[in-house]
Amino acid sequence: MGEAVEIMFGNGFPEIHKDTSPIQTLHSNQQDCHWYEETIDDDLKWSFALNSVLHQGTSEYQDIALLDTKRFGKVLVIDGKMQSAERDEFIYHECLIHPALLFHPNPKTVFIMGGGEGSAAREILKHTTIEKVVMCDIDQEVVDFCRRFLTVNSDAFCNKKLELVIKDAKAELEKREEKFDIIVGDLADPVEGGPCYQLYTKSFYQNILKPKLSPNGIFVTQAGPAGIFTHKEVFTSIYNTMKQVFKYVKAYTAHVPSFADTWGWVMASDHEFDVEVDEMDRRIEERVKGELMYLNAPSFVSAATLNKTISLALEKETEVYSEENARFIHGHGVAYRHI
């Protein structure tokens, strides 16, 4: 990093302080180590020791950083929020992708909203039934540096079944005439001034997304933090919003160490999608190439068995997510600066 000493502040992105002393280097000892600091809330922060900052900048849509951390490997940070960590991203992406594909009787086509790092596409392409994956991410810069640095996804980016589109997912879905067996929301968290919050709204689900699902189609989205203290930020609202649009809705959660919290996902369809435990494991065996590291049928049953606090909160939630009544997690996107 030359003479620039990285110190993380505020929304998680560094202010650069020039030092006239000899070139600074990162050391493993506590005294000289550099840290990434994410503000989870006004009174709570989460810090990671760094090896280096691989990429840092601001695109047209969002602040972006790719960090090499000591504990979690390469980490993607968007608008000051941890999106994915090399060491444990398999938990998030296996939970996001495989349940919906396994519950569908014969998934062939998938549309990913977001997913620019390539991990969601990687997991989808493990399924032998898949014929086409459309990955639509708004930010070319995110896609470019993930292709460069996240080599674990190189095969997915090169797969002939993958169609990569750089565009707003809402506009892309709206213009397409085809329908998809699975639609995935692998979006950044909804922060004020960020590019994604409109893709969590009832009007989007009802008027644009749902008409693009094929018969037996399933929609699944990441739904933000779902811990005891954080589930009311956006998780319960997203769940209740999907209940207004779809006949069957299922929420499930898992602990993701690098997020320092339990995370939530929500699946929805107008066709019942429950599968017996033995059948789910059979489908994993028959359809999925290679070994999954986290998900099997019992672990999904556990993930969908929510504790009393979360279950009651989902049941009692009345707020419907809309453009005018959006909930946000702590933090701000690029557009917020221009308000």
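Each number in the numbering used here corresponds to the 1-based position in the sequence shown with 28 added.
Beta carbons are placed, not taken as given, at the ideal position from N, Cα and C, and that holds for glycine.
When DSSP states are grouped into helix, strand and coil, S75 belongs to the strand group. Collapsing the DSSP output to three states places T290 in a strand. Counting every other CB atom within 10 Å of its CB across the protein chains shown gives T346 a total below 16, marking it as exposed. Between T229 and W293, the CB-CB gap reaches or exceeds 8 Å.
Measuring C-alpha to C-alpha distances from K188 to each of L215, A216, R204 and E159 identifies E159 as the nearest. Pairing F287 with P127 gives a Cβ-Cβ distance that is not under 8 Å. Taking all protein chains shown into account, G85 has fewer than 16 neighbouring C-beta atoms within 10 Å of its C-beta and is therefore exposed. Going by C-alpha positions, S112 is about 16 Å away from S182. Burial state of I140 is buried, judged by a 10 Å Cβ sphere holding 16 or more other Cβ atoms.
Look at E345 here: in three-state DSSP terms it is coil, with no helix or strand label.
When C-beta atoms of the region 261 to 281 are compared with those of the region 225 to 243, three or more pairs fall below 8 Å, so the two segments count as touching. Residue range H62 to D69 is occupied by the beta strand (DSSP E) that includes E66. In the assembly as shown, F257 is an exposed residue. Its beta-carbon has fewer than 16 other beta-carbons within 10 Å.
Under the DSSP assignment, V170 falls outside any beta strand (DSSP E), being part of the alpha helix (DSSP H) whose first and last residues are Q168 to F177.
Nearest Cα to A341 within the set T333, T264 and M308: T264. Per DSSP, reduced to three states, the secondary structure at I236 is helical. Following the DSSP letters along the chain, one finds M270 inside the alpha helix (DSSP H) bounded by residues F263 to K271. The beta strand (DSSP E) runs of length 3 or more contained entirely in the region 294 to 351 do not exist; there are none.
Here E205 is exposed, its C-beta having fewer than 16 other C-beta atoms within 10 Å. Here the region 209 to 216 does not lie against the region 273 to 282, with fewer than 3 beta-carbon pairs under 8 Å apart.
Per DSSP, the continuous alpha helix (DSSP H) segment holding S147 begins and ends at S147 to I152.
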